[in-house]
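Read through the structure below, which is laid out as structure tokens, and then see the notes.
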Amino acid sequence: MYDILTYGRMIKDPLRFPAYLEALRRTVKPGSVVLDMGTGPGIMALLACRFGARKVYAIEPDPIIQVAREIAAGNGLAGRIEFIEGFSTHVSLPERVDVIVSDLNGILPWFQQHLRSVADARQRFLAPGGVMIPKKEIVWLGVAESQPAYSEHTQPWEAGHGFEMHAARDLAINTRQLVRLRSEDLLAAPQCGVVLDFMQVEGPDSRADATFVITRPGVGHGLLVWFDCALTDEIFFSNAPGCYRSGYGQTFFPWTRPVSLQSGDVVRLKLRCNLVADDYVYRWTTEVLGKGEKAEVKASFDQSDFHSSPISPASLRKGSEAYVPRCTGDGSIDRFILTSMDGKASVGEIAACLSERFPDRFKERSEALDRVARVSRAYSE
Amino acid sequence: MSKLSLSLQVKPSEDVVWRNLQGESVLLDLKSGVYFGLDAVGTRIWTLLQNHSDLQAVLQELLCEYEVSEETCARDLMDLVGAMAEKGLVQTESQ
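Chains as they are written, first to last, in numbering that gives the first Met the number 0: chain A, 0 to 380; chain B, 0 to 94.
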């Protein structure tokens with residue numbers, strides 16, 4: 000999922016990593032049993048051992064787990080850390096644990112299977128009285144003025160070299176991006192959108208509503224979202240505007256067009272985050288009302304990153320409920336391989352059969368071997 | 000869900016996002032994660048429902064745009080709205 004340099008940056012993060020270290024130091028007791036979800040190169044598991052854990056279960060679906068195993072062995076901790084390759088939702092543990100530590104956020108808590116995994120782990124693995132690290136995450140919303148951030152979405156398609164390029168702009172304006180803004184870029188006091196309590200969170204979906212009264216006149220370019228992570232009651236870190244030391248930034252959700260805002264104007268924002276398949280679809284709606292009794296509607300936008308990727312009608316249609324799919328030639332090849340994976344035939348034997356069955360597609364043995372190996376890596380055990 | 004009739008108020012669900020692609024469209028129900036496809040006429044009806052919650056008004060618009068008898072148009076409209084209501088894509092209310 001990440002490359003080794005990214006894992007290195009996470010460990011070097013001057014806000015997040017020291018906070019996790021301190022949270023583990025205060026939480027893990029001699030004899031504790033700890034679950035490290037998404038262990039990566041295993042640093043949290045190692046720290047848990049240092050602070051006295053009797054046993055650590057370290058789960059990771061990425062091949063980086065091999066590196067974590069080597070590091071644990073190199074530090075004499077192979078016997079105390081049990082590495083489990085896979086997704087935590089597919090794993091069973093032989094005992095309940097006293098501490099569950101995870102760092103599965105993207106730039107927002109709504110990232111892939113993060114919240115679903117946390118809820119599942121708490122329900123199936125956490126012992127009574129056990130502790131979740133993080134304890135909760137507080138998501139904040141703000142109204143942002145940032146011409147530079149906004150220009151990233153619009154300027155390339157509005158200049159256009161004399162061409163009308165709205166089709167591209169329409170995608171870009173529904174695309175969120177990582178930014179690092181300052182607190183001065185906010186046009187109103189931030190509002191708490193939602194609190195994700197890891198001791199209670201159940202489902203992966205969230206909604207956050209907020210109403211802002213503009214305090215600094217300016218041009219509104221979009222919604223800014225960030226979060227405070229409470230690892231324990233005392234240990235926090237944040238990716239709020241101005242927290243330049245964090246590797247995290249904020250997420251900028253652009254508006255369809257910039258809106259001139261006066262002091263006293265009211266901005267109503269709604270953010271919906273829904274896990275669809277393995278990733279989130281965000282929808283952000285905005286209503287801007289002028290100040291005063293008339294409360295004229297200055298702007299109203301309904302946007303979603305469902306509109307952000309170039310996609311063909313045929314491709315989308317193929318995912319619709321009523322579509323009747325028919326297997327393509329490539330699909331038939333993979334089906335043949337999957338059917339041949341019966342626990343008896345080797346990759347080489349399946350590749351030989353594949354070449355025989357589809358001679359026009361696999362003229363070289365290496366091509367058939369590559370194809371079978373790819374399917375084997377994905378679906379065999 | 001109210002019993003279907005042209006006197007119903009019909010509103011697209013807040014949980015649905017949709018995308019128009021060259022005259023056809025795909026709806027995504029964010030709650031269920033299920034995609035639904037609409038042909039050109041279905042897309043037109045969905046677009047009209049964004050602005051008119053009154054089914055009778057939608058029917059009159061369609062009659063102006065398509066060469067079709069009122070009876071056939073009303074039946075097709077009700078069939079589509081019924082199917083969408085069943086899947087939670089629209090909410091219906093009696094006036």
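Using N, Cα and C, we set each Cβ at its ideal position, and we do this for glycine too.
In this text, all values refer to a predicted model and were calculated from it rather than measured experimentally.
- Query: With 16 as the cutoff for other CB atoms within 10 Å, does Lys54 of chain A come out buried or exposed?
  - Reply: Burial call: buried.
- Message: Less than 8 Å between the beta carbons of Asp329 of chain A and Lys290 of chain A, yes or no?
- Response: Lys290 of chain A is positioned such that its CB atom lies no closer than 8 Å to that of Asp329 of chain A.
- Mind checking Ser237 of chain A: buried by the 16 CB within 10 Å criterion, or exposed? By the neighbour-count rule (16 or more Cβ atoms within 10 Å), Ser237 of chain A is buried.
- Within the stretch 23 to 61 of chain B, ranges of the alpha helix (DSSP H) (whole runs, at least 4 residues): For the stretch 23 to 61 of chain B, whole alpha helix (DSSP H) runs of length 4 or above, ordered along the chain, are 39 to 50.
- Per DSSP, cross-strand counterpart(s) of Thr91 of chain B: According to DSSP, Thr91 of chain B bridges with B:Val9.
- In DSSP terms, what Trp254 of chain A is bridged to: Per DSSP, none; premise fails for Trp254 of chain A.
- Message: Please state the DSSP three-state secondary structure of Met0 of chain B.
- Response: Here Met0 of chain B scores only 49 on pLDDT, less than 50, and its place in the model should not be relied on; the value that follows carries that caveat. In this structure, Met0 of chain B counts as coil in the three-state DSSP scheme.
- Assuming Glu94 of chain A contacts Val138 of chain A under a Cβ cut-off of 8 Å, what Cβ separation, rounded to an integer in Å, is found between them? Contact between Glu94 of chain A and Val138 of chain A fails: their C-beta atoms lie close to 33 Å from each other, not under 8 Å.
- Item | Euclidean distance between Cα positions of Cys72 of chain B and Ile332 of chain A | Distance between the alpha carbons of Cys72 of chain B and Ile332 of chain A: 45 Å.
- Cβ separation of Phe197 of chain A and Val117 of chain A, assumed to be a contact under 8 Å, to the nearest whole Å: Correct: roughly 5 Å between the Cβ atoms.
- Short check: CB of Leu315 of chain A to CB of Leu20 of chain B, under 8 Å? Yes, these two residues count as a Cβ contact at 8 Å.
- Query: If you follow the alpha helix (DSSP H) that Gly73 of chain A is part of, which residue opens it and which one closes it?
  - Reply: From DSSP, the alpha helix (DSSP H) with Gly73 of chain A extends over 63 to 73.
- Within 8 Å, strictly: CB atoms of Gly37 of chain A and Glu69 of chain A: The criterion of a C-beta distance shorter than 8 Å is not satisfied by Gly37 of chain A and Glu69 of chain A.
- Message: Let me check understanding here. Comparing Cα to Cα, which of A:Gly41, A:Asp304, A:Val66, A:Cys48 lies closest to Ala57 of chain A?
- Response: Ranking the options by Cα distance to Ala57 of chain A, first place goes to A:Gly41.
- Message: I need the DSSP call for Met43 of chain A, collapsed to helix, strand or coil.
- Response: The three-state secondary structure of Met43 of chain A, taken from DSSP, is helix.
- Message: Considering Cα atoms alone, identify which of A:Leu223, A:Val96, A:Pro216 is closest to Ala209 of chain A.
- Response: Closest option to Ala209 of chain A, Cα to Cα, is A:Leu223.
- Item | Candidates A:Val100, A:Arg360, A:Pro155, A:Leu45: closest to Gly73 of chain A by CA position | Nearest option by C-alpha distance: A:Leu45.
- Task: Would you mind reading off the limits of the alpha helix (DSSP H) that contains Trp156 of chain A?
- Result: From DSSP, the alpha helix (DSSP H) with Trp156 of chain A extends over 146 to 158.
- Item | Same chain, Cβ closer than 6 Å to Tyr281 of chain A, five either side skipped, listed in chain order | Cβ neighbours of Tyr281 of chain A beyond the five flanking positions: Cys272, Asp304.
- Which residues in chain B sit within 8 Å of Leu315 of chain A, going by Cβ to Cβ distance? Simply Arg18, Leu20, Val25, Tyr34, Gly36.
- Message: Quick check: the stretch 225 to 235 of chain A against the stretch 125 to 140 of chain A, are at least 3 beta-carbon pairs closer than 8 Å?
- Response: Three or more pairs of CB atoms, one per stretch, sit closer than 8 Å, so the stretch 125 to 140 of chain A contacts the stretch 225 to 235 of chain A.
- Query: Nearest chain A C-beta to Leu29 of chain B closer than 8 Å, yes or no?
  - Reply: By this cut-off, Leu29 of chain B is an interface position.
- Check each candidate in A:Asp278, A:Phe86, A:Ser375 and name the one with the smallest Cα separation from Met340 of chain A. Answer by Cα proximity: A:Ser375.
- Query: Can you tell me the Cα-Cα spacing of Asn50 of chain B and Thr91 of chain B, whole angstroms?
  - Reply: Between Asn50 of chain B and Thr91 of chain B, the C-alpha separation is close to 15 Å.
- Message: DSSP three-state label for Leu268 of chain A, please.
- Response: Secondary structure at Leu268 of chain A: strand, using DSSP grouped into helix, strand and coil.
- Excluding sequence positions up to five away, which residues of its chain have a Cβ less than 6 Å from the Cβ of Gly85 of chain A? Excluding its 5 nearest sequence neighbours in each direction, Gly85 of chain A has C-beta neighbours in its own chain below 6 Å: Pro60, listed in chain order.
- In terms of residues, what are the limits of the alpha helix (DSSP H) holding Ala118 of chain A? Annotation for Ala118 of chain A: the continuous alpha helix (DSSP H) segment containing it runs 113 to 124.
- Message: Could you compute how far the alpha carbon of Met0 of chain B sits from the alpha carbon of Asp53 of chain B?
- Response: Unreliable positioning characterises Met0 of chain B in this predicted model, as indicated by a pLDDT of 49, which lies under 50. A coordinate reading is not provided.
- Message: Tell me the rounded alpha-carbon separation between Glu21 of chain A and Phe50 of chain A.
- Response: Roughly 10 Å separates the two Cα atoms.
- Message: If I measure Cβ to Cβ from Ala52 of chain A and keep anything under 6 Å in the same chain, skipping five residues before and after, which residues do I get?
- Response: If you ignore the 5 residues before and after Ala52 of chain A, its C-beta comes within less than 6 Å of the C-beta of Val27, Ser31, Val33, all in its own chain and listed in chain order.
- Message: Comparing C-alpha positions only, which one of A:Val323, A:Ser319, A:Arg373, A:Glu363 sits nearest to Arg334 of chain A?
- Response: Measuring C-alpha to C-alpha distances from Arg334 of chain A to each of A:Val323, A:Ser319, A:Arg373, A:Glu363 identifies A:Arg373 as the nearest.
- Message: What does the alpha-carbon distance come out to for the pair Arg370 of chain A and Leu62 of chain B?
- Response: For Arg370 of chain A and Leu62 of chain B, the distance between alpha carbons rounds to 55 Å.
- Query: How do the stretch 141 to 158 of chain A and the stretch 181 to 194 of chain A stand: do at least 3 beta-carbon pairs fall below 8 Å, yes or no?
  - Reply: With a cut-off of 8 Å, the stretch 181 to 194 of chain A and the stretch 141 to 158 of chain A count as touching, because enough Cβ pairs lie within range.
- Item | Any C-beta of chain B under 8 Å from that of Phe305 of chain A | Chain B contact via Cβ: present.
- Drop a sphere of 10 angstroms on the beta-carbon of Lys11 of chain A, count the other beta-carbons inside from all chains shown, and report buried for 16 or more, exposed for fewer. The residue is exposed, with fewer than 16 neighbouring Cβ atoms inside 10 Å.
- Task: Run down chain B in chain order and give the residues with a C-beta less than 9 Å from the C-beta of Val280 of chain A.
- Result: Simply Val16, Leu27, Leu29, Gly32.
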